[in-house]
Structure formats: structure tokens, C-alpha cells
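A short worksheet on the structure shown next.
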Amino acid sequence: MKFTLSWLKEHLDTTATLEEICDTLNNIGLEVEEVTDPRAGLKDFITARIDSVENHPDADKLHVLCVNDGTNKYQVVCGAPNVREGLIGIFAREGTLIPLFNERLKRATIRGVESCGMMCAVDEIGLGTAHDAIIELPADTPIGAPAADVLNIDPVVEVSITPNRAECLGVRGIARDLAAAGLGTLKPLNITKTPAKFANPIKITVECASECPVYTGRYIKSVNNRAETPKWMKDRLNAIGIHSISPLVDVTNYINYDLARPLHVFDADKLKGALTIRMAHNGEKFTALNEKEYELSDFALGICDEEGVQCLGGIMGGLKKGCTENTVNVLLECALFKPECIAKTGRRLQIDSDSRYRYERWVDPKSNISGSDYATQLIISICGGEASDLTVVGTEDNYQPQVAYLRPERMKTFAGLDVSAEKSMEILRHLGFEVSLENNKIKAVSPSWRGDIECEQDLIEEIVRMVGTDKIPAVSLPHDNLPKPILTPMQHNAVVIKHELASRGMYETVTWSFADSEIAQYFRNGNEAILLQNPIVKELNEMRPSILPNLLTAVKNNIARGYPNMALFEVGPVFTGRHPQEQYTAASGIRCGQTSAKDWAHTARDYDVYDAKADALAVIAAAKGPYENPQITTDAPSYYHPGRSGVIRLGKNVLAYFGEIHPAILKALDIKSRVVAFEVNLNNIPLPRQTAGKARKKLELSPFQPVDKDLAFVVDKSVSAAAIISAAKNADREHITDVRIFDIYEGITLPSGKKSVAISLTFQPIEQTFTDKDIENLMNKVIVEVGKKTGGELR
Amino acid sequence: MENLEELKDEVLDKINNSAILKELDDIRVAVLGKKGKLTEMMKSLGSLPLEEKISLGKGLNIVKSKIEEAIEAQKKFLEEKALNEKLKSETLDVTLPVSPETQGRIHPVSKIYEEVAAIFGQMGFEVAEGPDIEDQFHNFNALNMPVNHPARQMQDTFYLNNNPEKPFDMETAYVIRTHTSGVQIRTMEKQQPPIRIIAMGRTYRSDYDATHTPMFHQVEGLVIDKNITLAHLKGCLHDFMKAFFELDDLPVRYRPSYFPFTEPSIEMDIGCLKSKTELKIGAGNDWLEVLGCGMVHPNVLRAGGINPDEYQGFAFGMGIDRLAMLKYGIPDLRTFFESDVRWLKHYGFTPLDFSSMTDGLSNNGGLAR
Chain B
2 MKFTLSWLKE HLDTTATLEE ICDTLNNIGL EVEEVTDPRA GLKDFITARI DSVENHPDAD
62 KLHVLCVNDG TNKYQVVCGA PNVREGLIGI FAREGTLIPL FNERLKRATI RGVESCGMMC
122 AVDEIGLGTA HDAIIELPAD TPIGAPAADV LNIDPVVEVS ITPNRAECLG VRGIARDLAA
182 AGLGTLKPLN ITKTPAKFAN PIKITVECAS ECPVYTGRYI KSVNNRAETP KWMKDRLNAI
242 GIHSISPLVD VTNYINYDLA RPLHVFDADK LKGALTIRMA HNGEKFTALN EKEYELSDFA
302 LGICDEEGVQ CLGGIMGGLK KGCTENTVNV LLECALFKPE CIAKTGRRLQ IDSDSRYRYE
362 RWVDPKSNIS GSDYATQLII SICGGEASDL TVVGTEDNYQ PQVAYLRPER MKTFAGLDVS
422 AEKSMEILRH LGFEVSLENN KIKAVSPSWR GDIECEQDLI EEIVRMVGTD KIPAVSLPHD
482 NLPKPILTPM QHNAVVIKHE LASRGMYETV TWSFADSEIA QYFRNGNEAI LLQNPIVKEL
542 NEMRPSILPN LLTAVKNNIA RGYPNMALFE VGPVFTGRHP QEQYTAASGI RCGQTSAKDW
602 AHTARDYDVY DAKADALAVI AAAKGPYENP QITTDAPSYY HPGRSGVIRL GKNVLAYFGE
662 IHPAILKALD IKSRVVAFEV NLNNIPLPRQ TAGKARKKLE LSPFQPVDKD LAFVVDKSVS
722 AAAIISAAKN ADREHITDVR IFDIYEGITL PSGKKSVAIS LTFQPIEQTF TDKDIENLMN
782 KVIVEVGKKT GGELR
Chain W
684 MENLEELKDE VLDKINNSAI LKELDDIRVA VLGKKGKLTE MMKSLGSLPL EEKISLGKGL
744 NIVKSKIEEA IEAQKKFLEE KALNEKLKSE TLDVTLPVSP ETQGRIHPVS KIYEEVAAIF
804 GQMGFEVAEG PDIEDQFHNF NALNMPVNHP ARQMQDTFYL NNNPEKPFDM ETAYVIRTHT
864 SGVQIRTMEK QQPPIRIIAM GRTYRSDYDA THTPMFHQVE GLVIDKNITL AHLKGCLHDF
924 MKAFFELDDL PVRYRPSYFP FTEPSIEMDI GCLKSKTELK IGAGNDWLEV LGCGMVHPNV
984 LRAGGINPDE YQGFAFGMGI DRLAMLKYGI PDLRTFFESD VRWLKHYGFT PLDFSSMTDG
1044 LSNNGGLAR
């Protein structure tokens, strides 16, 4: 909402400066967004008189002036056509910053004549675009005065109006609030009733009084819509960014911004028959002023003649029956519409207008007749014509103002503010409330322009904003001396996981919760696509079924930027269904390219599936999950490489997937390097029992040295490493404390379909040092067990 | 026994001139070995008469120990020499750079999450959560925003058809939460006061320009008890801002505002100094809006199943991404979500950077590598 200072002063009698006004607006909840004050750039310009004009000796169109600022005289070369002796204008001396060029004026020699200053045109001082002539001020203007003081310059203020303060969508509402805050007095609004010269010939019927409680119509005949809108009105409208169109349109726009009072004007000669206000028929068509055709339903309120809906009540007029410059007779509408009806229609048809904006918030229900009177007065004063009597359907008197009660002590116990009951009542009275005391409660009846006061808290807010929020003391929240952990175990896990992955050299990223269906389609893993109804761009059209589509997009973008090696992870939501709660927290990551940059000491290698597996296990460990002896299966989702991927399980539950991304998907994304990935479902990792103590298990240290022995087995290629490790461990769980695989060999020296797996075993004596025989027995147990479980033979 | 003295001189001379350990050992064997010269001379003593045996034997023993001492000394000398020569050959170029190690990074959004939790943890808050896909009751209606409420139109909401079998119906559709405020309702549904929670998470609005992204992060606060007033709201938030920006003194300003779910509603500004090149939080001539807050509207308490005649309290909401931008001088919101490894490395935090009110809130994890 914008207004100019002079416009505000039309309603507010005040001596306050612009700065004081803006500070007060902020303090009372009308946030100042921008102040445009051209006076600031004018401070070096002064008024001056042209004492003499002579022709330039060497140029036809130039003149040499003697300019007098009351103190000094200056020789100035000027090309403006309107120079004349005695003209008083705006003068820029040497060194003045000229807003148009954003440069300081220098002394110059123009065709051999020295020029020491400039008589300015409007554009040169930054107040408009007029350039041909220099500014001419009235003859009685003092010379040597600051330009800002004599030019009629109007600063523009833009305030942001919250939805509850609809009355401040009119300048008068803002003035009223400033007056209540003690910044002046509100001037009376002088509306003169135009005498009725004839009876309104158009019959008006309202069929839906609940949506349209009051409708007024006035016929004005013989208007001239080609008349010129007065300059003051045009200037104000221009200043707030509204173009002057015709007097009839300008008047409705002006009153909309002056009094927050929407109006509509029909070309009465185009209306056929009587006017009926009714709900639209389903399927009824309507072409609005914006030249778009809408199909209406029975939720929309229509102002109709015999030919159908001609205006969407309170939202937008129709194209067919609107005013043009040829309009002679008009019907002026000033009505009250139910906010819910306007909001619903506007939302469903997606029409935004200044009128809708006001009606769906609040329009003063007692402003229908006065609004019509004011508009009639302005229209006739500009366009001439004669007014009919006013047809009023419904009555403003049915409006019941809202009543709220305030217990005076609540100012202290709710707002923390010391305000006496008397002071509270005085403030409410200044704001226009009818105030009285009832059983020690302040009864406040809302003024008709306020539709937002429903309960005690609303009254408290009114008093708080008038007293000032700065008057409320700041009191720290009382709290226990020793703080407790703020995060739940699950939330804490997520934090630890991030730090674990970062300590493994990965960069954490945050990507959209949305994904691009083009990529996401590969990652749905059997779930439905959760498509947004109104995606902002087509690449963000689905709730992500996995973080990987977004990480792969990141891979692609980083490669394109020239950074082909990366390790990225994200911890965030993944969606399995469209209903609330059908989501879980995933920790997912990708590695792509080489393990490190080229280096003299180490050979870099490509990331492989085992890097992803290690990441996944590190995440599980960080979340205190079962990372030791993980249960691994090979049935990862289809977006992984079928032979190079795995699932980490705990019983039925999937804790994690890891593997190479399927080459076909990389191809579809045009990623040429191998990408390995992992996804851990944090919701599936069991949390430790809360009752578990902090004490560690007692450390049992053996006095006997462990013995390391190596064995190599030849097995079928299909035999998993896990099977061999498990068989070896189970051979003697008491004495075999560790089994590691240290070599895998597949080569021509072995029968086809076979591989050799070499394991290193740690035997731990318990009661006494092993004899050679003991060790031999243990090795034999392993050989037998591995043979039995895997068919492996000693190599 | 002249030849004993001669032998001694000769042997000592040889020992001192020996150049390598092997040569020294050969000398030892030749003199002191089983068949060495001195050994032989010792052996021959047996056949001599006692007096002669004693005098001659004494002389032999003196010579023997002199030779042994000389061998030991020369051995030590030669070993040292050999080691020095070996070390000389082992010299490495220690100016070679160390192998590259990638130090990971924590995203600024996670960092702020940890900092905010650390501060509110100190004030006795808990962290609550809610779903990203919400029903309109929790996202709007329960927050005093009925279906035709104008504030509801101001939020550019993403919708999700709640039943793909049926045509889309805007009034029953799910939304992707436009704020974390729905967590207020979900918390109240689960517990009666006293309530002291913050909720942090992703929020979504259909807006994409220099200062808006379709997804951003919010932290929501809710404090409900019997005697909580606006004064506590001011105290709590001022305490938070000072702790967060790690400033002992931070000017703040409160402006009345409007949110459907609070009454009275207030916006909080913090002092700053704006120049063309930087933004400095703290004392200065300008104000920067950082959060919205207010006393919880009685309709919201009722919707959450709490009696507004008995309980009252405040709520607040602020942008996590915005806090990160202000504290750490990150210029463009959009870059938060672009996964550019150069950006992540530059603006990210080291894995050792944990946030704590007692160990330091930021930059306590050493230098980024």
C-alpha cells in the first residue's frame, strides 16, 4: 500500500516530519517498506532569477543568461526555448550533483562562452521526464531558496498492510491509526450529498442477501468521460503506480485507495433490463475486464442483467458493460459482499484485483451509502451530469459490530505491560471503539471499519501497539540450572552420522525434497509416484522416493563444472507414500571418480562398491546399529548394478542398500564415470534401550599370546566370502577370535569356475599356551567346517 | 719376553688401522681366537715352572685386556662410521608435499541446526518433529487460518492430491508444509503444558527468485505454561539472538505485526550496519528483520486441545537458511541447494566443528583443510 505525504495530510492534521511519521508507522504495526523522497537529491539546487537574456554570439539556438540567486550573479549558456528575462527557475551551481547524470556540474565553455551553472528542466533534477523547457516558478517565488522548499514535491511511502488491517488499505485508515497514536488529528471527511434529480430507472433485486447484505445503485446521466481528471488526482494515482485512464475509472480507483472502498461503474446504456444480484449458474460464461473468459459455478456472485452475469461482484467488472470514453449514462455500484464468498470465488477462478483484495479482508459495512455519495460528488464535479436517487437493497443497520471484553489486569499477566484500566480505555477510545466498564471488564465495541477484533487478545494487541512494544520488559525464561540433552536419540544419531560421514571425507549437501520424475522414475522401488499438483518447475514435480536422483544430478552438474571426483552425502526425508508420516529419514551418499588427486606417494583408484559398503556400515555404527557381522543379501533395488550391490539387513528390516548405480541409469543421465552409492534408512536402525547403563563390559585380558595362521581354500566362484568367514568362525567359537580374508585369486592355475580364498585366523589360548598339536587340531576343525559348509578344499 | 711387547704393539697397530668390522674380527680371531697367537702363548704357560708361570701369565693378561679394549673401541668406532654412512645414503626430500587427504564438510544448514539446538537446549527446550506432507488441518485450519482466510492465499502452497483415484480437490488435498507451525499442533495433541519445544525442518513454498527458494528451513518455537507473557517472549528471543550471533550486546527492535496463529503478533529486528560490501550484525544504523513471533492465539490452543483460560504462551518462527546467511556472510540463498562442491568446501564446516554453549558455538573444530 502506497501513499504520498500530501495525500496523508489530506486526512491527517499534523506537524510531524516524514521521519516521525515513518517511525510511528513501524511502531504501530504498519511496517514501512520503502520511502521515496526526491527532496533528498535536491538539497544543492536553489531558486534563481534570469536577470537578462542575450543571444549567443556563435550559436543560433543558445542564449547567454545572467542568473541571479540573490547573492551572486552567474553567466550561464542555455538552450531552452522558454528563457526570458524575469523567469524564476531552479538553478544548479557549479559542483551540484545532477541526478539525471549522477555527476557534479562543472564550469564549461560552450562555443567560446563560459557557462557557470545550469537552469534546470524537470528531468535534470530527477522529478520526471520533461526535458524541453526549463522549470518556471511563480513570479513571487523567493530567489536563493532551497528548491525542495518551493517545488511541490510529494514523498511516497510504501507500507506493508497485514491481512487484519484492511481499513489501512485506504489512506484514511492509515491517518486514523496515526492520529490514535498521537501524531495529529484526523480531519473530518467532507462528503456532500448530491441532490437527486430523478428516480433511478434501473430496478435492482438481490436474490442472495447473505452473500450481498447491502447493494446500492445510483444512476448518473449525461456524464462526459472524456473530461480531464484533475491534476491532483492524477498525481496521487501516478505516485502510487496507477495510470490515469478516464475520470470514471480514476474516481473508483482513487476512492479504493483513499477510503479502502471498492466501487463499480456500469455503462448504463449497455445494461439490458433490471439488475439482479444472484449466484451464478453452473457453466455460465463471463468475460471479465481482463479479457479472459471464465466458466462460473454457483459459488460465484454475479451482478446480472437480462443477458447474464455482467460483473463478478466484488472481484471484477465485465468487459461487455464497462465504461468507455463514449459512455454517457452510468450506474454506480457501491455494495457490501461477504468476504468468504469473494475469497472463494477469487481463489477458484484465480482472479486477483484490488477490489477482491479489500473485500476478502474487510470493507467497512457502513460505507456503502457514504461511498456512493463521495463517488457521485467526484464524478459530477469532473464529468458533469445529474444523479438519480440512491437505490439501497438491504440495510447497513443490520450490521452488528463485534464486541470484545478485556480484563484490565490481563495487560500485565498476558502482555507483561503495566497499563492502567483508564489508559487502556483511553487508547481503545482513540482507536474508535465504544468503550465502557462492565463487571470490572472493559467492554469494547468495534468501530465498523475494524473487522478483526474478536477476543480479549485482540484488544491487548491494540493497546500493546499503541503503548509500544519497547515498553514491555524482557524477562529471561526461567529454566533448570543444569540443562538436559535437547535432542532425542534419533535426532542425535542424525547429527553424529553427519559428522561421521564428513570425517570420512564426504561433503554434506542439502538438495530439494522434490525430484525430477524423469530421473526419479528409476528409484521408486515399487512405490507410487507422489506427484505435486502444482510443481514450481517440471524438474521438481515429485516428492523424492530416494535422495539418489538428486545426488546424481549433483554429480552430473559437478562433472560439468570440471570437478569429476566427489563424495557427497545428505541426511533428509524420503517419501514412500502421499500421506503424512509416510516418510523416513535417510542418510545417503555417493562417491564418484577417483579416491584422490594424482599424488607422488599413492596411486589413486576409482571408488568401488566396497567404499559404499564401508560408508553404509559407518553410518550404522554411528547410529549405534548392528554393524558387526552384518547380514548381507544381494537383492538390492533395480537401480543398482545387479552383481555389484547389496542389502544390509536386520531380520526382515532393511537397514541399508549399497552398490554401484546401474550403468543404464548413468547412461540415461549422461554420466560417464562409475558412481557408487549407499542409502541407510535411519528409522529402521533399532535404538539402544534407554535403560541400558553406561558402564562398559569388563575387559578380560588373556595372559597367553594369540597365534596367527593362514589357510587358503579353493571354492566355487559363487561361494560368498561371508559363508567362508562364518564357517571358519563357527569351527571353534571359543578359540577362533578373528577371521580375515587377505587374498582372493581367480586364475588359470585353478580349475574353471573356481577361486582361491586365503584367510588369516587368530587363535586365542584361554587356559594355557597352545601346543603344536592344539594348533593343528584347530586348523583341522576349520578345514573340515569350511569344507562342509562351502565345499572348499585346502589349496 | 721381548716378543710379547712386540706382539702387543704390532696387534694394537693393526687394530687401530683396521677399516672395516670384518678386518677387525679377523685380527681378534688371529690373536684371541682358539688358535690365536695370544691364546697359544697362554696355553704354553702350563708347562712352565710356577714362578715363571706367574710372572709371565700376569704380563700376558695385561696384554690380552689391552687388546680386548682396543678391539672394543675400534669396533664402536667402525660401527658408528658404518651407521653414519648408511644414514647418509638414506636421505629423503622432506619438502615433498604430504599426500592429499579430503576433509569432509558439514552443510551450513546442519551447522545452524546444531547451534540453535545448543542454545535452546540451554533454556530447557526439546526438539519436536512433524511430517513434511501435512493435512490442511495441521498446516492451516488449526492455526487459525480457515479456508477463506486471506493469509492462506498469501502462502504459495504446494498441493498433493490426497487420493489419486479421484479428481484433485483443493480443499481436501494435502499440502507440502508451508511452515513448521503445524508441529505446534502435533505437539499439543500429544502433551499438555508445560510445553517448551523447538521444531526445525524443511518448509516449502512455491516461490523461486533471488531471495526465495521452493524449499527452505525454519525453526519454530512454542512455550506454553500458566504464566508465560510477552515479557518472556522478548527475554527468550533476545537471549537467543545474543547467544547465536555470539555478541554480548545486540540491539533489537520489536514491531507489532500480524500472524493468524498469534495475538498479539510481533516481528523482531536486529541492529546491523549495512554497507555496499558487507553486512555487520550488531550496533549500526540499520535494522534487519529476523523473526516473527507472538502470544499463541486462543483458537490455536483450543485446536491443540489446550484450555486457553488456563494456559498461555508464545510461539516464534525464523529461517534457518537466513540465520546462516546472516551469521556466516553467505550471499545467495539459492546456492545452498546447488551441491556445488566448491561452495560446499568453502561454506561448509569441518567434521570436528561441534556446537556447544560451553565449548564454543562455532569455529571450534580447527582450521578447514
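Protein chains in written order, with this note's numbering: chain B, 2 to 796; chain W, 684 to 1052. C-beta atoms are modelled at their ideal positions from N, C-alpha and C, and glycine is treated no differently. Just so we're clear, the structure is a prediction, and the values are computed from it rather than from any experiment.
For B:Ile278, the beta-bridge partners assigned by DSSP are B:Val207, B:Ile304. By the criterion of a C-beta distance shorter than 7 Å, B:Arg592 is surrounded in its chain by Ala568, Tyr608, Asp612, Ala613, Val677, once the five residues flanking it on both sides are discounted. Per the coordinates, the alpha-carbon of B:Cys305 lies some 9 Å from the alpha-carbon of B:Met280. The Cβ of B:Arg359 sits no closer than 8 Å to any Cβ of chain W. Fully enclosed alpha helix (DSSP H) runs of no fewer than 4 residues occupy 549–561, 610–623 of the segment 539–627 of chain B, in order along the chain. In the structure shown, B:Arg675 adopts coil according to DSSP, grouped into three states.
Just so you know, the alpha carbons of W:Lys758 and W:Leu707 end up roughly 7 Å apart.
Shown here, B:Ala269 sits in coil according to DSSP, grouped into three states, outside any helix or strand.
The segment 812–823 of chain W and the segment 909–929 of chain W do not touch, with fewer than 3 CB-CB distances between them shorter than 8 Å. For W:Asp922, DSSP assigns no beta-bridge partner whatsoever. When the beta-carbon positions are compared, W:Phe944 and W:Leu826 come within less than 8 Å of each other. According to the DSSP assignment, W:Asp709 belongs to the alpha helix (DSSP H) that extends over 704–715. Taking B:Ser646 as the centre and dropping the five residues before and after it, the same chain places the C-beta of Ala637, Gly660 closer than 6 Å to its C-beta, in chain order.
The C-beta distance from B:Gly578 to B:Asn535 rounds to 20 Å, too long to meet the 8 Å contact threshold.
For B:Arg505, there is no enclosing alpha helix (DSSP H), as DSSP gives it neither H nor E. Comparing alpha-carbon positions, the option among B:Glu455, B:Ile381, B:Asn441, B:Cys342 lying closest to B:Gln401 turns out to be B:Glu455. A straight-line Cα-Cα distance of about 27 Å links W:Glu798 and B:Leu618. In this structure, W:Phe851 sits away from B:Ile487, with a CB-CB distance that is not shorter than 8 Å. With distances taken between CA atoms, B:Asn283 lies nearest to B:Val310 out of B:Val310, B:Lys271, B:Asn685.
Contact between W:Glu872 and W:Gly988 holds, since their C-beta atoms are separated by about 6 Å, short of 8 Å. According to the DSSP secondary-structure assignment, W:Ile907 is paired through a beta bridge with W:Ile878, W:Gly996. The DSSP assignment places 945–957, 962–964, 969–979, 995–1002 as complete runs of the beta strand (DSSP E) inside the segment 937–1004 of chain W, in order along the chain (cut-off: 3 residues). Runs of beta strand (DSSP E) with 3 or more residues, each lying fully within the segment 106–187 of chain B, are found at 109–111, 114–116, 157–161, listed in chain order.
If you draw a straight line from the Cα of B:Asn330 to the Cα of B:Ala134, it comes to about 40 Å. In this structure, B:Leu260 is the residue among B:Leu260, B:Asp299, B:Lys710 with its C-alpha nearest to the C-alpha of B:Gly174.
Annotated three-state conformation of B:Val476 is coil, per DSSP. If you draw a straight line from the Cα of W:Ala811 to the Cα of B:Thr635, it is about 37 Å long. B:Leu333 counts as buried, since at least 16 other C-beta atoms from the protein chains shown sit within 10 angstroms of its C-beta. With a cutoff of 8 Å on beta-carbon distance, W:Phe942 and W:Gly977 are scored as near each other.
Here the alpha carbons of B:Val266 and B:Ile370 stand approximately 15 Å from one another.
Residue state for B:Thr25 is assigned as helix, using DSSP reduced to three classes. Against chain W, the CB of B:Gln458 has a partner CB under 8 Å away; the residue lies at that interface. Uninterrupted beta strand (DSSP E) stretches at least 3 residues long and entirely within the segment 668–748 of chain B occur at 676–682, 708–717, 737–746, given in chain order.
Straight through space, the alpha carbons of B:Leu238 and B:Arg357 are spaced by roughly 19 Å.
With respect to the 8 Å criterion, B:Trp513 and B:Asn542 are not classified as neighbours on the basis of their beta carbons.
Under the 10 Å beta carbon count, W:Pro897 is surrounded by 16 or more other beta carbons and is classified as buried.
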